[in-house]
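Position in the sequence shown (first residue = 1) + 36 = this note's numbering.
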Amino acid sequence: MKFATFDSSELGNFTIGSGSSSPTEQVNSPGSCGNQPQAIQQCAICGDRATGKHYGASSCDGCKGFFRRSVRKNHYYQCRFGRGCIVDKDKRNQCRYCRLRKCFKAGMKKEAVQNERDRISLRPPSVDESVGNGLSVASLLSAERHRVGASGEVNCAENEISNRKVADITDVCESMKQQLMTLVHWAKVIPAFTELTLDDQMALLKAHSGKHLLLGLARRSLHLKDILLLGNNCIIARHPPCQLDPEMKHLDLSQVGCRVMDELVKPLSEVNIDESEFACLKAMVFLDPNTKGLSEPSKIKAMRYQVQMNLEDYISDRQYDPRGRFGEILLTLPALQSISWKMIEQIQVAKLFSDIHIDQLLQEMLLGGAAGESTLNEPAVAMGLGHNFSVDHSVHSYGHALSSPGTDVEDPGSPPRSLVQCSDVEQPQSNGDVLFLSSPPHSHTGGHFQVLMSTFKRELQPSSPY
């Protein structure tokens, strides 16, 4: 817990808030002597393997980062256990007061951190420094809570779930539409996002809509077992009832649902991900500099890096041992992408072989430019963003992009590469059985998504709502 004061009565001149020169007392601890020619193997603070001399004391990277953050952010701590806590490799995160005190006693100097900051400040401000305030953990958490409030989501106890309706195809599509609307609400309250061009905003929203649907689904279901809770409070069960909507035979929700339970909900539950970590993970998925059609990919890359650094700092400041936690959270991303492809493929196949009606917004955001390969130049947008058609594109293009150069990868569970369906649309000229959709690259008019973004255009300004 952070407090407004830091009691330094036992530290002598080792005070974090003082502007005095370097500490005057010397402690006979490993690494405190600055004239030793050889590197000391143990961290003078926690006893872990030292990586060098940092800020005046031999220390590991963990204690180095802790000391740097404490000084830069002017953190003040208080010990709850009489200022005699053990600070070692296993317990160094239990009391930050005693850890900081031991940093000072080992010879670390706050002036070294401040001098480092002064050297950095002489450089021209980089992109990530200019947008850092809009991508803080607090800002992202506030945006996520704003989204939850806008969608009207409520936490349901597990004993209440049995009374929920088992979702049919209409419920699934309605929930998806609702969540896509809240995705736009979420993005528009992130200050850094509003600094992007409108075209880049649209490209990011469309490219990662499938992943955000799955992340939200997993987040709502973390406390449940073998059940997924949709945004409209309907459920998808691991073992659904035998009697289902006949149209559902073309949409294998159980296959996608089981993967969400096993590859997303389970690992995120095991790591006990909290609200702040989830908000950062969601932003890292969203700020993908490899999204097709971006005009400023380097700026978006810097934004994602800033979120990554903020998440690492947040995890390091937690009371429990943070080692490996950041990696465990990121290990869910490959599964997220793979399941997103499968979900989009299932919807496309269901749309092709049944009379399922796909809402126009869902068509444009999820199917018109699917999972990571969306761009404003995709056929759906090029034809006006207002027609009902599906193009099986995402899985193949992603497989090819992830393969080695010259290797053509086919997803074994996907329809043929040439599979294209158009309905309720004037047919363009085609050669043979394969229909090719083409249009000038800047035909961005029409479409529900375009109208939705235009509606929010005035609100999507750089001014911060915080």
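Backbone N, C-alpha and C define an ideal beta-carbon position, used for all residues, glycine too.
Model, not experiment: these values are computed from the prediction.
In the three-state reduction of the DSSP assignment, S94 falls in the strand class, which pools E and B.
DSSP places K89 within a strand segment (E or B) once states are collapsed to three.
Taking each of R359, L258 and P325 in turn and checking the Cα distance to D310, the smallest one comes out for L258. Here L367 carries a coil assignment [DSSP, helix/strand/coil]. Rounded to the nearest whole angstrom, the C-alpha separation of I197 and G83 is 49 Å.
Apart from sequence neighbours up to five positions away, the residues of its chain that approach C139 with a beta-carbon distance below 6 Å are I81 and F103, ordered along the chain. Non-local C-beta neighbours of G170 in its own chain, meaning closer than 6 Å and more than five positions away in sequence, comprise P227 and A228, ordered along the chain.
Ranking K302, R359 and Q291 by CA distance to the CA of I375 puts Q291 first. Under the Cβ criterion (8 Å, minimum of three pairs), the stretch 230-247 counts as touching the stretch 332-340. In terms of Cβ geometry, R85 and C96 form a close pair [threshold 8 Å]. Excluding its 5 nearest sequence neighbours in each direction, C131 has C-beta neighbours in its own chain below 7 Å: C115, F117 and C121, listed in chain order. I272 is bridged by DSSP to L264. Per the coordinates, the alpha-carbon of F389 lies some 25 Å from the alpha-carbon of Q215. Counting along the chain, G252 sits inside the alpha helix (DSSP H) bounded by residues S245 to R256. Secondary structure of Q114 (DSSP, three-state): coil.
Judged by pairs of C-beta atoms under 8 Å, the stretch 257-271 touches the stretch 201-214, as three or more such pairs exist. Within the same chain, I375 come within 6 Å of R295 by CB-CB distance, once the 5 residues on both sides are set aside. Scanning L403, R181 and G360 for the CA closest to the CA of H244 turns up L403.
For A338, the enclosing alpha helix (DSSP H) covers residues P333 to S352. Only residues of its own chain outside the window of five on either side were considered, and among them P333, S334, I336, K337 and R340 have a CB closer than 8 Å to the CB of P325, listed in chain order. Under the three-state reduction of DSSP, V225 is assigned to coil, being neither helix nor strand. Taking a C-beta distance under 8 Å as the contact criterion, L251 and L372 qualify as a contact pair. Within 10 angstroms of the beta-carbon of G92 lie 16 or more other beta-carbons, which makes it buried. Minimum Cα-Cα distance from K89 among the listed residues A148, H111 and L136 corresponds to A148. In the three-state reduction of the DSSP assignment, V202 falls in the strand class, which pools E and B. Burial state of A179 is buried, judged by a 10 Å Cβ sphere holding 16 or more other Cβ atoms. It is roughly 56 Å from the alpha-carbon of Q399 to the alpha-carbon of V123. Remark: C-beta atoms of V301 and M320 do not approach each other more closely than 8 Å.
In the three-state DSSP reduction, Q130 falls in the coil class, being neither helix nor strand. Short of 8 Å from the beta carbon of T368, and not among the five residues preceding or following it, lie these beta carbons of its own chain, in chain order: E299, L300, P303, L304 and L317. Of all alpha-carbon atoms in G101, A273 and I351, the one lying nearest the alpha-carbon of L253 is that of A273. Burial state of Q237 is buried, judged by a 10 Å Cβ sphere holding 16 or more other Cβ atoms. Here D395 has C209 and K213 as same chain residues with Cβ atoms under 7 Å from its own Cβ, once five neighbours each way along the sequence are excluded. If you ignore the 5 residues before and after L249, its C-beta comes within less than 7 Å of the C-beta of M212 and Q215, all in its own chain and listed in chain order. Closest by C-alpha distance to D353, out of L397, V173 and K242, is V173. Residue pairing by DSSP places Q78 opposite R85 in a beta bridge.
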